[in-house]
Structure formats: structure tokens, C-alpha cells
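Listed in order, the protein sequences are those of chains R and V.
Each residue of the first sequence is one higher than the one before, starting from 0 at the first, in numbering that gives the first Met the number 0.
Each residue of the second sequence is one higher than the one before, starting from 0 at the first, in numbering that gives the first Met the number 0.
Each residue gets a CB set at the ideal place from its N, CA and C atoms; glycine is no exception.
Quick notes on the structure that follows.
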Amino acid sequence: MSLDPHDRRVRDEMAHHLAELQAQLEAEGLTPDEAREEAARRFGDPERLAHDTPDPERGGRRSPAALVDAARQDLGFAVRQMRRNPLTTALVLATLVVGVSASAIVFAVVHAVVLRPLPFEEPDRVVHVGQTSPQGRRYSISEPNFVDFRARQRSFVEMAALGRASPILTGVGDPESVEVLRVSHTFFELLGIDPVLGRAFTPEEDAFGGANDVVVLSEGAWVRRFGGDPAILGRSVVLDGMAHRVVGVAPSASAWPAVELFMPLAPNPDVYRDDQRLEAVARLAAGVTMEDALRDLSDIAAQLSDEYPESNDGWGAFVRSAREWRIGENLTRLGGLLLGAVGLFLILTCASVSNLLLARASTRTREMSVRSALGAGRARIMGQLVAEGALLALLGGGLALLVTFQGLCLVRTLGPPDVARLGDASIGAPVLLVALLASLLTVLAAGVAPALLVGRRGGAGLLRATGSAAAGVGSGLRDTLVVVQFALAVTVVSGAGLLVRSFVELQGVDLGFEASGVVRFGVRLPDDQYDQVARQSYLDVLHDQIRAIPGVRAVGMSTVSPFGPMRPSNFVARSDREPDRQEDFTPVSWRAVTGDYFSAVGIPLLAGRLFGPEDRAERDRPVRNPPVIIDRALADLLWPDGEDPVGRLVTWFLPGGQQCEVIGVVASARDERVDAEPRPRIYRPFSFTAWDQPAVLVRTEGDPGELIPELRRVALSVDPTVPAIAPTPLVRDVREIVAWPRFSMQVLSLFGLVALTLAAMGIYGVTALSVARRRHEIGVRVALGAEPSGVHWMVVRHGIRLAGLGIGVGVALALLLSRFLGVLLYDVSAADPATFLLVPTLLGLVALASTWVPARRAVRLDPREALVSE
Amino acid sequence: MTRVAEAWMRGAGPMAVLKLLDRHEMYGYELAEALDRESAGVLAMGHSTLYPLLYNLESKGLIERHDRRAEDTGRVRKYYRVTAAGRAWLRKRQAEWAGLVQAMDRLGLA
Numbered sequence: 000m001s002l003d004p005h006d007r008r009v010r011d012e013m014a015h016h017l018a019e020l021q022a023q024l025e026a027e028g029l030t031p032d033e034a035r036e037e038a039a040r041r042f043g044d045p046e047r048l049a050h051d052t053p054d055p056e057r058g059g060r061r062s063p064a065a066l067v068d069a070a071r072q073d074l075g076f077a078v079r080q081m082r083r084n085p086l087t088t089a090l091v092l093a094t095l096v097v098g099v100s101a102s103a104i105v106f107a108v109v110h111a112v113v114l115r116p117l118p119f120e121e122p123d124r125v126v127h128v129g130q131t132s133p134q135g136r137r138y139s140i141s142e143p144n145f146v147d148f149r150a151r152q153r154s155f156v157e158m159a160a161l162g163r164a165s166p167i168l169t170g171v172g173d174p175e176s177v178e179v180l181r182v183s184h185t186f187f188e189l190l191g192i193d194p195v196l197g198r199a200f201t202p203e204e205d206a207f208g209g210a211n212d213v214v215v216l217s218e219g220a221w222v223r224r225f226g227g228d229p230a231i232l233g234r235s236v237v238l239d240g241m242a243h244r245v246v247g248v249a250p251s252a253s254a255w256p257a258v259e260l261f262m263p264l265a266p267n268p269d270v271y272r273d274d275q276r277l278e279a280v281a282r283l284a285a286g287v288t289m290e291d292a293l294r295d296l297s298d299i300a301a302q303l304s305d306e307y308p309e310s311n312d313g314w315g316a317f318v319r320s321a322r323e324w325r326i327g328e329n330l331t332r333l334g335g336l337l338l339g340a341v342g343l344f345l346i347l348t349c350a351s352v353s354n355l356l357l358a359r360a361s362t363r364t365r366e367m368s369v370r371s372a373l374g375a376g377r378a379r380i381m382g383q384l385v386a387e388g389a390l391l392a393l394l395g396g397g398l399a400l401l402v403t404f405q406g407l408c409l410v411r412t413l414g415p416p417d418v419a420r421l422g423d424a425s426i427g428a429p430v431l432l433v434a435l436l437a438s439l440l441t442v443l444a445a446g447v448a449p450a451l452l453v454g455r456r457g458g459a460g461l462l463r464a465t466g467s468a469a470a471g472v473g474s475g476l477r478d479t480l481v482v483v484q485f486a487l488a489v490t491v492v493s494g495a496g497l498l499v500r501s502f503v504e505l506q507g508v509d510l511g512f513e514a515s516g517v518v519r520f521g522v523r524l525p526d527d528q529y530d531q532v533a534r535q536s537y538l539d540v541l542h543d544q545i546r547a548i549p550g551v552r553a554v555g556m557s558t559v560s561p562f563g564p565m566r567p568s569n570f571v572a573r574s575d576r577e578p579d580r581q582e583d584f585t586p587v588s589w590r591a592v593t594g595d596y597f598s599a600v601g602i603p604l605l606a607g608r609l610f611g612p613e614d615r616a617e618r619d620r621p622v623r624n625p626p627v628i629i630d631r632a633l634a635d636l637l638w639p640d641g642e643d644p645v646g647r648l649v650t651w652f653l654p655g656g657q658q659c660e661v662i663g664v665v666a667s668a669r670d671e672r673v674d675a676e677p678r679p680r681i682y683r684p685f686s687f688t689a690w691d692q693p694a695v696l697v698r699t700e701g702d703p704g705e706l707i708p709e710l711r712r713v714a715l716s717v718d719p720t721v722p723a724i725a726p727t728p729l730v731r732d733v734r735e736i737v738a739w740p741r742f743s744m745q746v747l748s749l750f751g752l753v754a755l756t757l758a759a760m761g762i763y764g765v766t767a768l769s770v771a772r773r774r775h776e777i778g779v780r781v782a783l784g785a786e787p788s789g790v791h792w793m794v795v796r797h798g799i800r801l802a803g804l805g806i807g808v809g810v811a812l813a814l815l816l817s818r819f820l821g822v823l824l825y826d827v828s829a830a831d832p833a834t835f836l837l838v839p840t841l842l843g844l845v846a847l848a849s850t851w852v853p854a855r856r857a858v859r860l861d862p863r864e865a866l867v868s869e
Numbered sequence: 000m001t002r003v004a005e006a007w008m009r010g011a012g013p014m015a016v017l018k019l020l021d022r023h024e025m026y027g028y029e030l031a032e033a034l035d036r037e038s039a040g041v042l043a044m045g046h047s048t049l050y051p052l053l054y055n056l057e058s059k060g061l062i063e064r065h066d067r068r069a070e071d072t073g074r075v076r077k078y079y080r081v082t083a084a085g086r087a088w089l090r091k092r093q094a095e096w097a098g099l100v101q102a103m104d105r106l107g108l109a
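Spelled out as C-alpha cells, the structure:
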């Protein structure tokens with residue numbers, strides 16, 4: 000009950016008037032119930048009137064109590080308005096929920112993965128450094144080179160190196176391979192990562208041959224595997240059969256989320272200088288730019304090139320931001336694309352909500368005009384509309400947040416697995432802010448339009464507006480909004496179309512090998528437990544045991560699995576060209592494989608033969624020209640005239656290096672990247688290498704997934720301390736390699752679908768309103784014998800014209816913006832004619848379909864009804 | 000008789016209300032009925048127009064209200080009557096209105 004005396008008085012008076020009206024109706028012959036109903040119908044909402052009239056005793060100003068009351072009543076009225084227009088309310092809320100939640104989800108993901116600063120102290124001062132080959136490509140750094148760079152550099156506060164390892168963890172559950180980062184003792188301090196417990200490594204622990212048997216756990220591993228044991232420090236952890244003491248726990252918020260343990264790097268200065276296995280990070284000293292650092296490192300590289308010509312001749316250095324390294328250019332571009340799409344989408348949502356609210360407003364102009372004419376004042380009316388808008392925004396925003404929460408759970412589960420920090424995508428403060436701002440701005444921007452409408456025309460002019468004239472209110476603005484909706488829909492759908500085409504092309508790429516029917520897994524044979532002979536003997540036994548499993552057709556081994564995380568590289572030159580400089584060598588991808596690898600993976604032999612038992616390198620039987628197999632791409636590169644490479648010699652790695660005989664040529668396999676031509680490839684027999692973690696590939700007749708438990712069993716039966724690591728059907732790796740293109744295609748397609756729906760709703764509304772506005776005219780035409788098709792076209796024409804304009808603008812906009820998609824497209828031009836023909840056609844059809852129903856209604860209009868209803 | 004445009008109502012409405020109240024005080028419902036009846040519907044106003052107009056006139060001091068218990072129903076009604084200021088205002092407006100009608104007549108519009 001209102002506290003304000005004026006309000007109470009007005010209510011009393013209204014109640015009295017209502018009672019008099021009722022009495023009058025009863026006197027005219029209605030029953031008491033009928034009279035009450037009719038009186039209420041004629042009287043309308045007494046609350047509004049009480050609300051809007053000024054208190055004469057205060058000269059029209061309201062008391063504080065009245066202001067609070069006014070706000071409360073505004074909200075109450077807003078709720079009633081919502082209930083009275085359930086369809087409009089539902090549509091507005093649905094549009095808000097979809098638009099805001101889609102935008103919030105995408106923003107949350109992009110924020111977590113791309114926008115957030117790296118979890119280092121002053122991340123802009125942290126850089127990724129490494130070596131460049133004479134051809135200018137970026138490479139990792141070798142241990143001796145790292146030691147020298149670090150000793151001689153003058154640009155950095157400090158440098159640290161990282162290497163990856165996957166030792167087998169035993170003693171905590173089943174033996175399992177864990178991801179480990181071997182780091183310099185300077186690593187944590189350089190990045191500004193403070194241990195949650197304990198400490199980082201000391202220089203002594205990082206020294207080669209020192210007390211290296213220590214580990215730092217990641218927080219995640221500490222909780223997951225050790226239950227967050229507060230007494231974890233000093234506990235022992237067994238890795239590759241050796242005990243390591245836990246000295247610290249590092250925070251989980253790191254740029255390497257999959258890493259479970261950190262071990263000291265202990266760089267070996269005597270390792271081959273050209274064995275590049277480490278990544279290096281550095282922190283720029285105060286006042287030093289990346290260009291300065293690059294010059295410094297390039298000088299050092301030149302020195303090393305002189306001092307160690309066999310390994311370093313012609314090699315340079317690179318320096319790039321840590322952000323570019325950890326997040327990468329592609330991801331940044333994709334993030335930008337998604338944010339751009341979100342922005343467009345929010346504008347579209349705003350336009351759609353605006354359209355819906357305008358439609359409702361045009362039916363309320365009479366109400367608002369009355370209040371305006373009677374001194375309610377524009378401020379009061381705006382206040383009411385703001386209250387309604389705020390209520391819709393809060394409800395819509397709240398619902399959107401719920402959907403966002405669910406959506407983010409889905410994204411975390413179904414999203415590409417290899418994306419760092421994707422698991423951190425959550426509704427944090429930035430996302431909340433974006434969601435709430437988006438819904439508020441959308442509704443307020445949309446709600447202001449009707450208010451401005453009333454203000455501009457002046458309430459009085461519309462007071463006596465009849466039905467059709469009222470429907471005409473705001474039609475110009477609504478028409479513009481429909482054009483905007485169609486333009487944006489075309490843009491978003493075109494983007495989606497391009498990504499779909501690109502993805503389809505990607506899916507259709509011939510990989511050059513047969514991934515279905517294959518299982519891959521790893522085995523770890525650490526150097527201190529397996530020498531080369533033992534390793535070979537283990538692999539022979541494993542091969543025979545797996546081959547004996549029913550259904551298994553072939554078992555091959557390789558240094559790395561297709562689409563694996565590592566891409567070993569090397570250099571090769573034709574021996575007959577007598578290469579004497581590094582520049583003469585061709586950069587290649589290389590693998591060491593067993594003879595059955597090719598049949599296991601399904602790479603066809605094109606010439607010569609595959610590796611056989613005779614090609615095995617034995618220690619006491621050195622081979623003069625060890626055998627190699629090259630792929631088609633390398634053959635064409637080295638012998639472009641089409642000469643047969645079989646029997647020819649190539650030099651391995653560097654001038655004066657080992658000469659190898661080409662014994663066979665195989666088809667090129669796209670097993671590193673799908674979206675680029677495969678690098679030229681050379682294969683050596685597996686026995687050549689001292690690789691401690693080979694990949695095993697098993698081809699089976701049946702379902703590869705069903706083979707996995709048997710493979711695990713067999714591996715453990717050969718050696719109980721060597722489990723099969725992560726057995727996976729190869730098709731899954733193929734699927735995951737295109738995870739990002741698939742994800743961006745799916746997101747944009749979803750946007751496109753919603754954009755289409757919103758555009759359809761918009762044009763439907765405009766056409767329906769046009770029909771309402773022109774009822775009289777239509778009635779006259781029909782009465783005068785107009786053809787149904789003529790009436791149909793008359794109604795539809797306006798909407799089609801708007802759609803056409805919107806589509807035209809949209810195509811231009813899409814062509815302009817699609818340039819930014821370019822890098823993400825595979826084998827599809829950013830101005831792909833098929834897409835830019837199909838999308839406008841589709842939108843045109845949508846426009847036609849959406850105008851169909853109102854047009855049908857117009858054609859079936861009863862002329863008498865139309866003419867009389869005025 | 001068709002209702003008139005809002006522009007005219009703004010000028011004529013308050014004058015009509017004050018004129019009726021000048022004859023004798025009335026309560027809201029009564030006034031609405033009288034307007035409709037005496038102007039043959041031309042100046043008919045719904046309650047949503049009339050009451051805010053009354054409050055407006057009251058805030059300007061042109062009318063005043065008081066409560067009186069109705070004899071027939073026993074209900075308390077709010078009666079409105081013209082003040083001295085209201086009468087003065089009405090006389091002024093009436094003179095202006097007469098001048099307007101004369102001018103329109105000379106133009107051939109009345």
C-alpha cells in the first residue's frame with residue numbers, strides 16, 4: 000500500500016469513479032458481475048493513472064517516499080506488461096538469451112585462451128629464443144649451444160631452457176607415463192612463478208652429474224595423484240625406476256597446463272651441438288628491446304658458427320614474444336575473428352530486440368501519448384520504459400548467464416584438447432561484466448527507440464490514432480533495423496559458409512596413408528635401462544607378440560607417430576653434388592622406422608624396396624652406405640628430371656656427413672599438418688637411432704578400439720615396467736588435428752543459424768505490421784476485385800525490397816571482412832564465388848518464406864471486415 | 000458529432016471544465032457525464048484524460064476540492080469547485096476565445 004498521501008487520494012478517487020461507472024452500467028440493465036467486468040474493461044489500469052499524476056500540493060514534485068513508490072510501481076507495471084504480452088516477452092528474452100550467452104561463451108573462451116596475459120611476471124618482457132637454420136627456419140636449441148648463449152649474452156636478466164620428457168611414474172597407482180618439463184634452475188624465478196610449497200631447483204641440482212634426483216610437482220598433480228598431501232615435501236616419487244625427492248609444488252596456473260612434474264634440466268655440454276631438443280626463454284633486461292636482443296644473439300650465433308663450423312655453420316638466432324610462442328599467431332587470429340563475430344552478433348541481437356520492442360511500443364503509443372499529454376512528462380515515460388528495459392535485461396541477462404555456464408561446461412568437455420588454458424574458460428569477472436553490459440546495452444538501446452518516438456511526435460498527435468495509424472509508428476526505424484538484420488545475417492552466414500567449405504576441403508584431403516584400422520601407442524625404454532641391443536630385442540619380442548594377436552595385419556615402429564607432438568627434422572643433400580656448405584642441404588622431415596611401418600600405416604611403396612632384416616645395423620657389422628627410403632616429394636626435389644633415385648646416394652645432415660643409399664621411394668604422407676603440403680621426408684631403419692620412446696603402430700582387421708585392452712596386456716607381459724602409453728585409434732588423432740577448424744566452423748555456423756532466424760523474425764514482423772497498417776487499403780483492393788497474386792505481391796514487395804537492400808549491404812560487408820578469414824581457410828578463396836552466390840540466395844529465400852504467412856493472411860482478408868474495422 | 004483534434008482539446012478542455020464547475024461543484028464522474036452530455040459528445044473526456052486535467056487545474060489553483068458525504072450512497076466523494084483565480088482565468092480565456100471565433104469568422108472559417 001502506498002505511503003504517499005497523494006497516491007492514496009488518487010486511488011480513492013479512481014475507485015470511486017469505477018464504482019460510479021459500475022452503478023451506471025447496472026442501472027442500464029447489466030448484472031452486477033457483468034457491470035463490474037465491463038467497468039473494469041473500460042476503465043483500464045487505475046494504477047497507471049494514480050502513478051502518473053502530479054501531486055498538486057507539492058507543485059508536481061514527488062516526495063522521497065513517492066519516488067521509491069514510483070520505482071516499485073514501475074517495476075510492478077513492467078511485470079504486468081510482460082505478462083500481458085507473453086509472445087513479445089518470450090521472443091525478446093529468447094533473443095537476449097541466445098545473443099548474450101553465445102557472445103559470453105565465445106568471449107570467455109577467447110579471454111581464457113588468447114586475451115589473458117600469460118601467467119608470468121611482466122609477461123611482455125619474457126621472450127622465446129632459439130636458433131635459425133641457414134634457410135632461415137626456426138629451430139630448437141641444443142644443450143651446448145644454450146650453455147654458450149647464456150654465458151655470452153648481454154641482453155637478458157636471465158635465460159632458462161626447457162625440454163620435454165615422458166617418464167613412467169610408478170608407485171602411485173598403475174605405471175603411467177607423465178608429462179614432464181625439464182627446466183633450468185633459473186626457470187621459475189625468470190618467469191616469476193612462486194612455488195606454492197617448498198622451493199625451486201638450486202644451481203647444484205641443475206648441474207650435469209649433480210644431485211638431479213629432485214622434482215617439483217604441479218599443483219594439479221599434487222592434488223590428483225597425491226591427494227594434496229601437506230607433507231609432500233621430501234616424499235619420494237619413482238620415475239623410470241629411479242627415486243626422486245619432491246622439493247616443491249608449482250602453481251597450476253601456468254602456460255604448460257598438461258605438465259605434471261618439473262625436473263632439473265642438467266644440460267650436458269658434451270651432447271652433440273646439433274642435437275636440438277630444447278626450448279629457451281629469457282627475460283629482457285631493463286631498456287633492452289627484442290631487436291637489441293636479436294642483434295646480440297645473432298652476434299653470438301656468428302661466433303659459434305666460426306668456432307664450430309660442423310654443427311653451427313650458417314646458423315643464426317631468433318627472438319620472439321612469449322605470447323606468440325605459447326599462444327601462437329593462428330590462435331590469436333582466430334580469437335580476433337571470433338570476437339569480431341561476437342561483436343556483429345551482439346549488434347544483430349540489439350537490432351532484433353529493438354525491432355521487437357518497437358513493435359510492442361507501436362501498440363502502446365496511445366497509452367504513452369495519453370500520459371504524455373496529461374503532464375506525465377517525458378521523464379516519467381522514459382522512467383517507465385527504462386524500468387521495463389532493465390527488467391528484461393536482468394531477466395534475459397540472468398538466463399543468459401545460466402546458459403553460458405552450461406555452454407562453457409560443454410566447451411571444456413568437447414572443445415579441442417590441445418588448447419592451453421581452454422579448461423580455464425569460466426564465468427569470471429570479465430565475462431560477467433561483458434554479459435551484463437551486453438544485455439543492458441541491448442535492451443536500453445532497444446528500449447530508448449520507442450521512448451524517443453513518443454518524445455519526437457509528441458504524445459498529443461497520436462492520442463486519437465486509430466489502429467492502422469498506430470501500427471505505422473516507428474515503421475521507418477523498424478525498416479532500417481530489418482535492413483541491418485539482413486546485412487549482418489549475410490555477413491555472419493557468409494563467414495560460416497567459408498569456414499564450412501574450408502573444413503569440408505580439409506576433411507577431403509588425401510592423407511597419403513590409411514588411418515582407419517590402426518592403433519598407435521608409445522613405449523618408454525629409458526637409456527639407463529635399455530641399451531641399443533636390449534631395445535632392439537625388446538621391440539622384436541613386442542612385435543612378434545602383437546603380430547600373433549588374431550586380426551592383426553601389421554606392426555610397425557617409428558620414432559614418432561603420425562600427427563604426434565614432435566616433428567623431427569634433418570638435412571639431406573645429393574652426394575654426387577658434393578655438398579660443402581650447409582645451404583646446399585635440403586631441410587627434411589625424418590623418421591626412423593621398422594620395415595613393417597609402411598604396411599602398418601598404409602603408405603604405398605612406389606619404387607625399390609622397404610627395409611628388411613638385412614638392413615638392420617648391428618654394432619659389429621657396420622654398413623658402408625646405410626639404407627634410406629625417401630618419399631615422392633623428396634625424390635622430386637632432389638631429382639627433378641625424373642631420374643630413378645633408387646640406388647643413388649644422399650649425404651645425411653651436413654657436409655662430410657654419412658652417405659646413405661636410397662633403396663626405395665614411398666608415397667608422401669601428410670602426417671604432420673593437414674592444411675599444408677607435406678615436408679619432404681626421409682626414412683632410416685629403426686635400428687639406426689637411439690630413440691628411447693618409439694611409437695608402435697598396429698593395423699588390425701577389426702575395430703581398433705577393441706584391440707586396445709589386448710595391446711595393454713601384451714605390452715605388460717613383455718615387460719611389466721613398460722606399459723603401453725596412451726593407446727589410441729589413429730583416426731582420433733586425425734580428427735583432433737582438425738579440432739580447431741572444426742570448432743570455429745561449428746561456432747560460426749551456430750551464429751549463422753541464429754542470425755538467419757533473427758533476420759527471418761525481423762522481416763516477418765515488418766511485413767505483418769505492414770499488412771496491419773494497410774488493412775483498409777487491402778480491403779478496398781480486394782473489394783474492387785484485385786487478383787490474389789497482386790495483393791500478395793503488394794504486401795511482400797516492401798519486405799523483399801528491405802531484404803534485398805540488406806543482402807546487398809551484407810555481401811559488400813562480408814567481402815570486406817572475409818579477408819581476415821583468409822589465413823584460416825584451406826583451399827578456399829576468401830571471395831569464394833560459390834559461397835557468395837549461395838548465401839544471398841539462401842537469405843532471399845528466407846525473406847520470401849518469412850513474408851509468406853502475412854501475405855497469405857492479407858490475401859484471405861475479408862474486405863468487409865477490413866473496411867469496417869476502422 | 001465527431002470528436003475534435005487533440006490540439007483543440009487542449010484549449011477547449013480546461014475552459015469547458017471550469018465553466019461547468021462554475022455553475023456548481025461536481026465530483027469527477029459527474030463532471031465527465033456532464034461534459035459528454037452538454038457538448039453532445041464533442042468534448043467528451045475519459046477518466047484518464049479528465050482526472051489528470053483536474054489535478055493540473057488544482058495545482059494551478061484554479062479549482063479546489065473538498066470531501067462531502069453523498070446523501071444517497073453515504074460514500075465520501077471528492078467535489079471540485081472553481082476558485083476566484085479560476086473565475087478570473089476563465090473570464091480572460093473566454094474573451095480570447097470570442098476574439099478567436101470573430102477572426103476565424105472574418106476569414107470565412109467559422
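Beta-carbon to beta-carbon, R/Ser817 and R/Ala833 are separated by about 13 Å, too far to satisfy the 8 Å threshold.
CA-CA distance, R/Ala77 to R/Leu355, rounds to 16 Å. If you look at R/Glu705, you'll find it in the alpha helix (DSSP H) that goes 703-717.
Taken through DSSP and simplified to helix, strand or coil, R/Tyr138 comes out as strand. The C-beta separation of V/Arg80 from V/Leu19 comes to about 11 Å, leaving the pair out of contact by the 8 Å criterion. Look at the beta carbons and you see the segment 790-809 of chain R touching the segment 838-849 of chain R: at least three pairs across the two are nearer than 8 Å. Of all alpha-carbon atoms in R/Pro429, R/Asp543, R/Ile602, R/Ser588, the one lying nearest the alpha-carbon of R/Gly511 is that of R/Ile602. In the structure shown, R/Asn354 falls within a helical segment according to DSSP collapsed to helix, strand and coil. Nearest CB-CB separation between V/His46 and chain R: below the 7 Å threshold. For R/Glu19, the chain V residues whose Cβ falls inside 7 Å of its Cβ are Tyr28, in order along the chain. Taken through DSSP and simplified to helix, strand or coil, R/Arg10 comes out as helix.
The three-state reading of DSSP puts R/Glu387 in helix, counting H, G and I together.
Within the segment 67-80 of chain V, the residues whose Cβ lies closer than 9 Å to some Cβ of chain R are Thr72, Arg74, Val75, Arg76, Lys77, listed in chain order.
Counted as a single uninterrupted DSSP element, the stretch harbouring R/Asn624 is not any alpha helix (DSSP H), since DSSP gives it neither H nor E. Looking only at V/Trp7, V/Ala4, V/Ala15, the smallest Cα-Cα distance to V/Gly85 is reached by V/Ala15. At a cut-off of 4 residues, not a single continuous stretch assigned as alpha helix (DSSP H) sits fully inside the segment 541-569 of chain R.
The beta-carbon of R/Glu12 is placed less than 7 Å from the nearest beta-carbon of chain V. Listed along chain V are His46, each with a C-beta nearer than 8 Å to that of R/Phe42.
R/Ile681 sits in a strand when the DSSP states are folded into three classes. For the C-beta of R/His15, the chain V residues within less than 9 Å are, from N- to C-terminus, Tyr26, Gly27, Tyr28, Arg74, Val75, Arg76, Lys77. Here the alpha carbon of V/Arg36 sits roughly 11 Å from the alpha carbon of V/Glu29. Proximity of the segment 326-340 of chain R to the segment 102-119 of chain R meets the contact definition, three or more beta-carbon pairs being nearer than 8 Å. Listed as beta-bridge partners of V/Asp66 by DSSP are V/Lys77. Cβ neighbours of R/Arg137 within its own chain (closer than 7 Å, five residues either side excluded): Gly129, Thr131, Phe317. Taking a cut-off of 8 Å on C-beta distances, the segment 641-649 of chain R touches the segment 658-674 of chain R, as three or more cross pairs fall below it.
If you keep only unbroken alpha helix (DSSP H) runs of at least 4 residues inside the segment 578-615 of chain R, you get 596-600. Under the three-state reduction of DSSP output, R/Tyr271 falls in the coil class, being neither helix nor strand. By the CB criterion at 7 Å, R/Ala434 and R/Ser557 fall outside the cutoff. Inter-residue distance for R/Ala265 and R/Ser568 is about 24 Å (C-alpha atoms, whole angstroms).
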